[in-house]
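Engineer: Residue numbers (our numbering), protein chains in the order written: chain P, 67 to 263; chain E, 67 to 263. Handing you a structure now.
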DNA sequence: ACCTGAACACCGTTCAAGT
DNA sequence: ACCTGAACACCGTTCAAGT
């Protein structure tokens with residue numbers, strides 16, 4: 067099961083790996099199938115066996131991105147202990163860290179508007195975001211957050227972390243202020259959704 | 067001062083207008099300088115007089131986008147009357163409307179991470195976003211929002227509306243639920259930032 | 001099954017030259 | 001000052017052909 071030579075059965079995985087690196091370093095627009103093929107030592111037509119066109123590669127990248135995001139969020143959540151608020155803070159922090167390190171990939175993952183999302187990407191997205199909804203359920207179970215459909219307040223939470231990521235990535239706020247913004251926004255979210263006691 | 071023929075002194079404005087339409091209909095990736103030139107009946111090298119390269123055109127589009135966003139936000143705010151909460155709701159609504167109608171342009175405006183923002187774009191952005199900060203100041207003056215630096219809570223507000231826009235544009239939530247999400251998120255923001263009374 | 005090489009229609013960018 | 005036309009180096013995509 068060890069990795070074989072790239073152009074002997076492992077080309078798909080190699081393409082994804084190289085593409086993810088390229089997107090991180092150069093952005094989506096600069097991602098070139100021909101350049102990828104060159105770096106992996108195959109002909110420019112070889113990728114077509116694994117990805118029928120450029121868009122198919124982008125979809126695969128988005129799916130892999132959601133999978134990785136999900137595992138990073140879950141790890142951050144579990145490492146933060148059992149208490150609700152630190153858990154939420156840590157998870158939001160992990161989200162923004164992902165978004166900052168892979169800004170172009172995040173754009174790709176949530177492109178959604180200009181190239182309709184594949185069902186398989188949709189599913190991967192919901193899997194990653196389920197961590198946030200679990201957190202909301204925990205908060206509700208502990209009586210910290212207001213009751214009601216978890217979906218409603220979960221959506222507000224998701225919008226909150228996504229908004230922080232967008233503001234940081236948009237260059238509106240300096241990266242050094244990122245932690246402070248996370249703390250403010252999450253504290254604000256909790257206060258706003260707090261159970262009436 | 068009336069509009070002269072496109073290829074006689076008005077090419078720059080014509081390029082911007084046509085490019086904005088193209089970005090709205092086809093997204094940024096499909097925007098082609100050669101195609102634009104074709105549609106306007108000039109040679110493919112003519113745009114170069116007004117925009118040294120493709121990126122320069124994108125920056126100009128972003129700047130124009132922020133200017134338009136600013137006027138739309140301000141109009142929505144003033145039309146909503148004097149009361150704080152309806153004003154905030156209306157302004158957030160206008161923001162999301164802009165984001166929905168010009169999703170690709172919004173991406174371009176906040177690209178920031180992968181092509182560093184020009185100072186002139188930065189300034190246009192701050193001008194548009196100043197509407198949000200004014201709203202925060204009004205809320206503070208009326209004692210509805212907590213005191214403290216308006217920048218801090220203004221940033222949280224901005225992250226909130228940007229997050230709503232991202233969630234709606236990302237296809238996570240159906241467009242029909244968009245109004246409900248806005249109402250929820252803004253109400254949540256106000257509760258979370260409410261003055262301790 | 002997987003890859004190659006040539007071909008096609010497109011790009012952005014550059015530059016000498018025209019008016 | 002503003003635009004043209006040819007040229008260059010790159011794309012994504014297609015397809016017959018190789019192993």
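Ideal Cβ placement from N, Cα and C applies to all residues, glycine included. All of these numbers come straight from a predicted model, not from anything done at the bench.
Ignore the nearest five residues each way along the sequence and tell me which others in residue 78 (chain P)'s own chain have a CB closer than 7 angstroms to its CB.
Structural biologist: If we look at residue 78 (chain P) and ignore the five residues flanking it on each side, its Cβ neighbours are 116.
Engineer: Here's a check: name, in chain order, each residue in its chain whose Cβ is nearer than 7 angstroms to the Cβ of residue 125 (chain P), leaving out the five neighbours to either side.
Structural biologist: Hits under 7 angstroms: 184, 187.
Engineer: Quick one: does residue 255 (chain P) have its CB under 8 angstroms from some CB of chain E?
Structural biologist: Yes, its Cβ sits closer than 8 angstroms to a Cβ of chain E.
Engineer: Do the stretch 202–217 of chain P and the stretch 226–233 of chain P make contact, defined as three or more Cβ pairs closer than 8 angstroms?
Structural biologist: The answer is no - the stretch 226–233 of chain P does not touch the stretch 202–217 of chain P, with fewer than three Cβ pairs under 8 angstroms.
Engineer: Quick check on residue 180 (chain P) - is its C-beta less than 8 angstroms from some C-beta in chain E?
Structural biologist: Output row for residue 180 (chain P): interface = yes.
Engineer: Kindly give me the distance between the Cβ atoms of residue 219 (chain P) and residue 159 (chain P), rounded to whole angstroms, as I take these residues to be in contact under 8 angstroms.
Structural biologist: That belief does not hold up - the Cβ atoms of residue 219 (chain P) and residue 159 (chain P) are roughly 20 angstroms apart, past 8 angstroms.
Engineer: In angstroms with no decimal places, state the Cα-to-Cα distance between residue 246 (chain P) and residue 171 (chain E).
Structural biologist: So the alpha carbons of these two residues sit roughly 29 angstroms apart.
Engineer: DSSP on residue 97 (chain E), reduced to helix/strand/coil?
Structural biologist: In this structure, residue 97 (chain E) counts as coil in the three-state DSSP scheme.
Engineer: Where does the unbroken alpha helix (DSSP H) through residue 115 (chain E) begin, and where does it stop?
Structural biologist: Run containing residue 115 (chain E): none; DSSP gives neither H nor E here.
Engineer: At a CB-CB cut-off below 8 angstroms, which residues of chain P make contact with residue 240 (chain E)?
Structural biologist: The contacting residues do not exist; residue 240 (chain E) stays about 11 angstroms from chain P at best.
Engineer: Beta-carbon separation of residue 226 (chain E) and residue 229 (chain P) under 8 angstroms?
Structural biologist: It is a contact, given that the beta carbons lie within the stated cut-off.
Engineer: Provide the residue span of the alpha helix (DSSP H) that contains residue 234 (chain P), from first to last.
Structural biologist: Run containing residue 234 (chain P): 216–235, per the alpha helix (DSSP H) assignment.
Engineer: What residues in the stretch 221–236 of chain E bring their beta carbon closer than 9 angstroms to a beta carbon of chain P?
Structural biologist: The stretch 221–236 of chain E vs chain P, Cβ under 9 angstroms: 221, 222, 224, 225, 226, 227, 228, 229, 230, 231, 232, 233, 234, 235, 236.
Engineer: Residues in its own chain within less than 8 angstroms of residue 174 (chain E) by CB, not counting five upstream and five downstream?
Structural biologist: Only 89, 94, 124, 127, 128, 131 meet the Cβ criterion.
Engineer: Flag this pair as yes or no: are the beta carbons of residue 256 (chain E) and residue 149 (chain E) separated by less than 8 angstroms?
Structural biologist: No, Cβ-Cβ distance for residue 256 (chain E) and residue 149 (chain E) is not below 8 angstroms.
Engineer: Exposed or buried, which one is residue 86 (chain P) when buried takes at least 16 other CB atoms within 10 Å?
Structural biologist: Flag for residue 86 (chain P) reads buried.
Engineer: Using only the alpha-carbon positions, how far apart do residue 91 (chain E) and residue 164 (chain E) sit?
Structural biologist: So the two alpha carbons sit approximately 14 angstroms from each other.
Engineer: What's the C-alpha gap between residue 182 (chain E) and residue 238 (chain P)?
Structural biologist: Spanning the two alpha carbons is a distance of roughly 11 angstroms.
Engineer: Taking the straight line between their C-alpha atoms, what separation do you get for residue 101 (chain E) and residue 242 (chain P)?
Structural biologist: Each residue's Cα considered, the two are about 42 angstroms apart.
Engineer: Candidates P:139, P:109, P:82: which alpha carbon is nearest residue 194 (chain P)'s?
Structural biologist: That would be P:139, whose Cα lies nearest to the Cα of residue 194 (chain P).
Engineer: Contact check, residue 201 (chain E) vs residue 134 (chain E) under 8 angstroms by CB: the rounded distance?
Structural biologist: Incorrect: roughly 19 angstroms between the Cβ atoms, too far for contact.
Engineer: With distances taken between CB atoms, is the gap from residue 106 (chain E) to residue 82 (chain E) smaller than 8 angstroms?
Structural biologist: The answer is no: Cβ separation not under 8 angstroms.
Engineer: Can you name the residues of chain P whose CB is closer than 9 angstroms to the CB of residue 215 (chain E)?
Structural biologist: Simply none; closest approach about 11 angstroms.
Engineer: Comparing the C-beta of residue 183 (chain P) with each C-beta of chain E, is any distance below 8 angstroms?
Structural biologist: Residue 183 (chain P) counts as touching chain E.
Engineer: Would you mind reading off the limits of the alpha helix (DSSP H) that contains residue 187 (chain E)?
Structural biologist: Counting along the chain, the alpha helix (DSSP H) containing residue 187 (chain E) begins and ends at 185–207.
Engineer: Give the list of continuous alpha helix (DSSP H) stretches no shorter than 4 residues that lie fully inside the stretch 114–186 of chain E.
Structural biologist: Those alpha helix (DSSP H) runs which fall completely within the stretch 114–186 of chain E and span 4+ residues are 120–145, 150–167, 169–175.
Engineer: Go to residue 260 (chain E), then tell me how far its alpha helix (DSSP H) extends in each direction, as first and last residue.
Structural biologist: Run containing residue 260 (chain E): none; DSSP gives neither H nor E here.
Engineer: How is the alpha helix (DSSP H) around residue 89 (chain P) delimited, first residue to last?
Structural biologist: Looking at the DSSP string, the run of the alpha helix (DSSP H) that includes residue 89 (chain P) is 77–92.
Engineer: Taking the alpha-carbon positions, what's the residue 166 (chain E) to residue 168 (chain P) distance?
Structural biologist: When rounded, the distance between both Cα atoms is 24 angstroms.
Engineer: Using the beta-carbon of each residue, which ones in chain E are nearer than 7 angstroms to residue 261 (chain P)?
Structural biologist: What residue 261 (chain P) touches in chain E: nothing, since even the nearest Cβ is about 12 angstroms away.
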